[in-house]
Structures are given as structure tokens and as C-alpha cells.
Amino acid sequence: MTHPDFLWRNPEPRPAYDVVIVGGGGHGLATAYYLAKNHGLTNVAVLERGWLAGGNMARNTTIIRSNYLWDESAAIYEHSLKLWEGLSDELDYDLQFSQRGVLNLAHNLSDVREGRRRVNANRLNGVDAEWLDADEVKKFCPIINVSDRARYPVMGATLQRRGGIAKHDHVAWALARQADACGVDLIQGCEVTGFELTGNRVTAVETSRGRIAAGKVALAAAGHTSVLAERAGIRLPLQSHPLQALVSELLEPVLDCVVMSNAVHVYVSQAHKGELVMGAGIDAYNSYGQRGGVHVIEAQMAAALELFPVFSRVRVLRTWAGIVDVSPDASPIIGPTPVDGLYVNAGWGTGGFKATPGAGWVYADTLAHDRPHPLAQPYALDRFTTGALIDEHGAAAVAH
């Protein structure tokens, strides 16, 4: 396979662009790709202060699913999942998208009620969903401990068979290659330090590589979006937290699905190379550090061993953290801001990777037409004023 350095140009920034996207992760790259593909807009720059896809895109646990409770959430995540299902062919790149099934475990009666409710809600929204009892869980994933003597006994699970994983760096490289081929400038090592406003309209971005004029500016910087918005005089209702993950040493294939548990705050899959990829709940404090507390990892490991005793002798290879931006209702913010010409796509919390193509699609449409895409409309910033919240804490506040 071609080395990623040769998949796209490394251009110098031009003096002006129709659209400047701030953030070269999955959402920024997908937005640029769909601006070019769907709307013919190619006078576009993606500005990344580090290297492309070096932030949360490189630090997530790659889980893809669409089985969210509320109609608005199910709609945008299902749109994204349907795009995932054709994305390898569309981008002409093997994304290693594997629809191996996602189990959400239930450990008490409250979990069971919530799980069954979610299955019914998903089916009403045309999202595939099944309820499995403990025996069916064991049959689907034989290495799970379903003993009734466990500290958190498995009483059942929801299953989305179309859910799964993909290889995150392949996704970023594929989107970057196609965006570049359309004429989009991908500019690395270019930090946005401020915004130039004329009246109430953004007219340029100030960067570490000079001033760049812009017809529109689209923020897509995940945990740092609120920092950038503040430089334009906007205080977004976002809090940034570290979110930890880890991988094990390489193993023979032992786990052919994704297993998630809200009650014990752990979720596990086995990557194509063979390492176990595990995520935890968010660290409670606010931080922009790409690391977290050891006690969170310790609790995560205890939970994993409770569910999978077979992992007791597996060694942890490395741990890390991303920076997740969480909104008050654990749902994203997509659309215009109070500053004319400045748009925001943020607040995805722990659901950013799975939304990559869907978020890029609707954000690009919103930018191209100066009005929210129908799937983005419920995610407007003003919902925190009107009270029309989309409360997905039960499905999104833990890391998945």
C-alpha cells in the first residue's frame, strides 16, 4: 500500500479560500471531501495545527453503531452507518470496516428495561436491533462470563449486527487522498490563533503561517473547538474531558464482536492485527491533556476481567487519552454561530468517530447552502436556549 505521505500534496496556504475548515481530523476531512464531491466546492482549505488525523481520530476505539435512543440521534447515526457501508468502495481504499456486531450488556433490571426500550425505539426508526437473553449472549460471544455469581451479572444485551469497527488511520488517509484529488488544500502545521471580524462577520483566520481570508469558517476541532470559538467571542456550552483507551499485546483471534457495558464502564473489541482495544469512561475533571488518571484504567481493567476472565494474563501494551467535548445533553452542536460566516461542528463527546461520514455530509451541506441540513437542524446551538434538548447521556456519556 502507498505510504500516506504520497497520498496528498503538502501545499503552502493561499491568501484566500471560499471555506476554511479548522481541524484536520475525521470530521474536518469528511466535510472537505463532501464539499467537493456533493457540492462542487473545491476552493477549500483544511487547517491542522499538528498532522492530519493526529488528534482524536488517532486516539479513539473505532466503534461504529447507530442504535441511539432518540429519533434525532438515530437518524444522523443511521445516515452515517449507511455511508460507512459503502465508503470503502466510494473512497477506493480498504477501510477494514467490519460489521461484526455490537453488544450492549444489561447487568440489572434497570439496564434490561432501558435496553428493551432502546430496541423498540430503534426498530421504529428502521435501525436493526435485537434483544438477547443471557444464554443468547453467551452463544453470540462465548468468552463472556454470564455466571449469576458475577459482581455484575449479565442479564441480557442489545445487539446491533450491522455495528462494528473500522481502521481509523485508513479512514483519514482515504478521505484526505480524495479531498486532495478534488483540489482541496490540506495544510498541516498551521495553527489558528485568532479570527478577523468585520462587524459581526468573520472575514479571515489568523494562523501561525499568516493571515488567510475566508468566505466561511467551519470549526471541527473536537475538544479544542470551545477554545477556538472563544477567540471569536463565543462561549460554547462544552466541557472537555480526557477519555482513556488502551491496547493489549497481540493475541490470536478470541473476540469477534464488540462488547460494551455502561454499568461497568468498559468496552472491548479485537483489532485486525490481534490486539484488544479497550475504552473506559471519561475522566471526571476538565482537561486538555491527552492522558488520564491511572485509577480510571484500574477500574476499567477490573471490569474487563469480570466480564472476560480469559484475559487475566494478557499484558497491557500502551494507554493514552483523547480530548472529548461534551455538551449539556451529550449530543452534538452543528450549524451556524452568532458570528456570521462562522460555523461549528462539535460536542460529539464519545461518538465522534462513528459519525465521521454522516457529520461530514450534513456539515458540508449546511456550509454549502447557508442553512442547516434537515438531519442537523435539531442540533442547533439555540436548543440550549429553547430547551429542545436531545438527552443522550444514557447512550453517549460513557466512552463509545
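Numbering (UniProt numbering), first residue to last: 1 to 400.
Built from N, CA and C at the ideal position, the CB exists for glycine as well.
Measuring CA to CA, which of E249, Y152, D325 is closest to G351?
D325
Spatial neighbours of A30 within its chain, please: CB distance less than 7 Å, with the 5 preceding and 5 following residues excluded, ordered by chain position.
L175, T356, P357, A359, G360
Would you check if the distance between the CB atom of G156 and the CB atom of L124 is smaller than 9 Å?
Contact flag unset, no.
Rounded to a whole number of angstroms, what is the C-alpha to C-alpha distance between R149 and N108?
Cα to Cα, R149 sits roughly 13 Å from N108.
With 16 other CB atoms within 10 Å as the buried threshold, where does K216 fall?
Looking at its Cβ environment, which holds 16 or more other Cβ atoms inside 10 Å, K216 is buried.
Considering only the beta carbon of each residue, do I333 and L238 sit closer than 9 Å?
yes
Contiguous alpha helix (DSSP H) assignments of at least 4 residues, all confined to the stretch 1-52
26-39
What is the residue span of the beta strand (DSSP E) that F195 lies within?
192-198
Pick out the complete beta strand (DSSP E) segments inside the stretch 168-254, 3 residues or longer, and give them in chain order.
Within the stretch 168-254, complete beta strand (DSSP E) segments of at least 3 residues are found at 185-188, 192-198, 201-207, 210-219, 239-250, given in chain order.
Any idea which residues DSSP pairs Q270 with across the strands?
For Q270, which the question treats as bridged, DSSP gives the partners L276.
Please classify A346: is it buried, with 16 or more other beta-carbons within 10 angstroms of its beta-carbon, or exposed?
buried
What span of residues does the alpha helix (DSSP H) with P357 cover, start to end?
356-369
Short of 6 Å in beta carbon distance, which residues of its chain neighbour C182, apart from the five on each side in sequence? Order them along the chain.
The residues are A36, T42.
Under 6 Å Cβ to Cβ from R116, same chain only, skipping five residues before and after it: list those, please.
W131
By alpha-carbon positions, which one of L47, H27, S88 ends up nearest to P11?
L47
At what residues does the beta strand (DSSP E) containing G322 begin and finish?
316-326
Within the stretch 72-119, ranges of the beta strand (DSSP E) (whole runs, at least 3 residues)
102-106
Closest Cα partner of G64 within the set W84, A75, T385, S88
Strictly speaking, residue 64 in this sequence is Ile, with Gly absent from that position. Nearest C-alpha to I64: W84.
As assigned by DSSP and simplified to three states, the class of I392:
Residue 392 is actually Glu in this sequence, not Ile. Coil at E392, not helix or strand.
Alpha-carbon spacing of Q377 relative to L251, whole angstroms:
44 Å
I63 bridges to which residues according to DSSP?
I165
Please report the straight-line C-alpha distance between Q96 and K167, rounded to a whole angstrom.
6 Å
In whole angstroms, what is the alpha-carbon distance linking E249 and S269?
13 Å
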